[in-house]
Amino acid sequence: MYSRSGEAENCVYNWTKLSLPQVTLSTLAETGQAESTITVPKQRSYTGRKPVIRSALASTPCINFGIHGVLERLNAILCTSYTLNASILRSVLESFIAQNYDFGTVYTNIRPYWYDLTTIRYISESWDRHREMRQHILANNMISGKNIPPRRIWDLYTNRVVSDEERMNVWTPINGFEWPVPIPEYADLDLIRIEMLNLEAEYVWLDVLCLRQESGWREDLRKEEWKVDVPTIGSIYRNAMVVYYLSGLGRPFCLQPGDLESERCWFRRAWTLQEEELQALQTMTRRGIFNVLWQMRNSVSTKPLDKVTGLAYILSAKSIPIYDETQSEEDAWAALVGVMPKLYLQELLLYPEPGNGCKLWRPSWSQVMAGTHSVGLPGLMKSTGELEGDWYEGPCMKSGNVWGLADVSNEGIPRQGELVIKDFTGAPHTFKISAKHADT
Numbered sequence: 539m540y541s542r543s544g545e546a547e548n549c550v551y552n553w554t555k556l557s558l559p560q561v562t563l564s565t566l567a568e569t570g571q572a573e574s575t576i577t578v579p580k581q582r583s584y585t586g587r588k589p590v591i592r593s594a595l596a597s598t599p600c601i602n603f604g605i606h607g608v609l610e611r612l613n614a615i616l617c618t619s620y621t622l623n624a625s626i627l628r629s630v631l632e633s634f635i636a637q638n639y640d641f642g643t644v645y646t647n648i649r650p651y652w653y654d655l656t657t658i659r660y661i662s663e664s665w666d667r668h669r670e671m672r673q674h675i676l677a678n679n680m681i682s683g684k685n686i687p688p689r690r691i692w693d694l695y696t697n698r699v700v701s702d703e704e705r706m707n708v709w710t711p712i713n714g715f716e717w718p719v720p721i722p723e724y725a726d727l728d729l730i731r732i733e734m735l736n737l738e739a740e741y742v743w744l745d746v747l748c749l750r751q752e753s754g755w756r757e758d759l760r761k762e763e764w765k766v767d768v769p770t771i772g773s774i775y776r777n778a779m780v781v782y783y784l785s786g787l788g789r790p791f792c793l794q795p796g797d798l799e800s801e802r803c804w805f806r807r808a809w810t811l812q813e814e815e816l817q818a819l820q821t822m823t824r825r826g827i828f829n830v831l832w833q834m835r836n837s838v839s840t841k842p843l844d845k846v847t848g849l850a851y852i853l854s855a856k857s858i859p860i861y862d863e864t865q866s867e868e869d870a871w872a873a874l875v876g877v878m879p880k881l882y883l884q885e886l887l888l889y890p891e892p893g894n895g896c897k898l899w900r901p902s903w904s905q906v907m908a909g910t911h912s913v914g915l916p917g918l919m920k921s922t923g924e925l926e927g928d929w930y931e932g933p934c935m936k937s938g939n940v941w942g943l944a945d946v947s948n949e950g951i952p953r954q955g956e957l958v959i960k961d962f963t964g965a966p967h968t969f970k971i972s973a974k975h976a977d978t
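Next up, the structure:
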């Protein structure tokens, strides 16, 4: 079924409704490797009637074909008989060729609109809206909204991206040679593509391919993109129908003793918590903020700041703090607390120690990572994000008597005492208390 959203910005076609020619991708043609040498069965070849093209065709500059040759190939792949008499089609193809795009880039952008030429004029408008959206969602170091679409996805049909140790950096036309893609040794992106096609996928978000990587190449652009792209990774998983965890990224699955405890294990990485749509993670968030923090405390990250950022999508309300590499963990934590729902703030208020950071009413990042838990209590907490002005509305003690805290005889040990309060009937209740405040 062909569906339109707004001005056909999100056109998707059900290819099973068409009688397209059968296509075969072999490892020999795509990578030069014989099928018998490929260990993973689903990577050996793909055969189907989806409009898939070979990598060699995708990498050919459109200028080599000319406008007539580009249209001829599009018609052959998609079983149409369009001519250049359609002025809008001619205009779009001429624009692509003038920008020196290869055939794969043209095909990946034009395919969703192909069966309704009246929508093709929206391609450039869609690009402009996407660009404007990313500019306007940033304000005061905050991202307004959480449902941010990924900047790039991997189009398996065209083999193109749409707008450490045992690893190697691969320059590939899939991402337009914009940055070297870090993948494990002996892995091959073309083989991964064949495997995903055999799993009936059309579009895939692969982090190393779709998220600009640290490489020393255009670091200024990477830092700017990461402000939005890193904190909103969770939206990709939230809207995904299927999530595959590729242990080894295309290499045969091999589980060695200690792998699940390794710091490189996916299940222990800080970013894993952003995949909140997994049932176990949904349950974790329902149990409260300290359960989430406990999970993050036991995870590992390449950079300490990544742990704070990995919580942003889960714990924020409507806005998300940007990813700022120059921030300390404490500053990033303060920014995150400023956009948390009231329920989480109420839990932080009940932390059993005064904060040792910029706020006394809630724990610092170092405290929540140290391991002390809190308990729940009905109430509402509001953080203004400023040094002053936070407030709490909920159960409280109007008065009480404190005994014993004036005793400073046990130097170096928290002072011990009692708190006596009366309930609404006038009956007294005594609680053991302690305090760490200074003698003065």
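According to my numbering, the sequence shown is numbered sequentially starting from 539. Yeah, the Cβ is synthetic: ideal placement off N, Cα and C, and Gly gets one too. Nothing here was measured: the structure is a model prediction, and the numbers come from that model.
From the DSSP output, in three-state form, read off residue i for me.
i: K985; result: Past the edges of the chain, shown from 539 to 978, lies residue 985, and the structure says nothing about it.
i: A818; result: Any answer about A818 is weak, because its pLDDT of 49 lies below 50 and its placement is not dependable; what the coordinates show is given next. Residue state, collapsed to three classes: helix.
i: L886; result: helix
i: Q905; result: helix
i: V781; result: coil
i: P859; result: strand
i: R953; result: strand
i: A739; result: coil
i: W899; result: coil
i: V578; result: coil
i: V875; result: helix
i: V530; result: The chain is shown from 539 up to 978; residue 530 falls before or after that span and cannot be answered.
i: F634; result: helix
i: V846; result: helix
i: M935; result: coil
i: S773; result: helix
i: S866; result: coil
i: N894; result: coil
i: E733; result: helix
i: S619; result: coil
i: W665; result: helix
i: L853; result: helix
Any idea which residues DSSP pairs residue i with across the strands?
i: T656; result: Bridge partners of T656: none, in fact.
i: T562; result: T585
i: H967; result: I959
i: V830; result: Paired residues: none, contrary to the question.
i: M706; result: I721
i: D640; result: P599
i: A973; result: R953
i: N647; result: According to DSSP, N647 bridges with nothing at all.
i: W941; result: E956
Can the beta-carbon of residue i be found closer than 7 Å to that of residue j?
i: Y861; j: K765; result: yes
i: Y651; j: T657; result: yes
i: A572; j: L566; result: yes
i: Y889; j: P879; result: no
i: T569; j: D758; result: no
i: R690; j: C600; result: no
i: R776; j: R760; result: no
i: M834; j: K841; result: no
i: M680; j: S857; result: yes
i: W717; j: W755; result: yes
i: C617; j: L558; result: yes
i: L843; j: V906; result: no
i: T770; j: I686; result: yes
i: A594; j: T696; result: no
i: E885; j: G826; result: yes
Answer with buried or exposed for residue i, where buried requires no fewer than 16 other C-beta atoms within 10 angstroms of its C-beta.
i: I951; result: exposed
i: S662; result: exposed
i: N623; result: exposed
i: K974; result: exposed
i: F641; result: buried
i: G848; result: buried
i: L898; result: exposed
i: A870; result: buried
i: F828; result: buried
i: S954; result: Note on residue identity: the sequence assigns Gln, not Ser, to residue 954. Q954 comes out exposed.
i: L556; result: exposed
i: S937; result: exposed
i: M779; result: exposed
i: V946; result: exposed
i: F715; result: exposed
i: I986; result: Residue 986 is absent from the model: the chain starts at 539 and stops at 978.
i: Y724; result: exposed
i: G772; result: buried
i: E545; result: The predicted model places E545 with a pLDDT of 35, which falls under 50 and marks its position as unreliable; any figure quoted below should be read in that light. Exposed.
i: D702; result: For D702, the predicted model reports a pLDDT of 49, less than 50, meaning its position is unreliable; a value from the coordinates is still stated below. With fewer than 16 other Cβ atoms within 10 Å, it is exposed.
i: V608; result: buried
i: S837; result: buried
In chain order, which continuous runs of the beta strand (DSSP E) of length 3 or greater are located wholly inside the stretch 580-617?
Counting only runs of at least 3 residues, the stretch 580-617 fully encloses the following beta strand (DSSP E) elements, listed from N- to C-terminal order: 583-586.
Secondary structure, beta strand (DSSP E): runs of 3+ residues fully inside the stretch 667-700:
The qualifying runs are 680-682, 691-693, 698-700.
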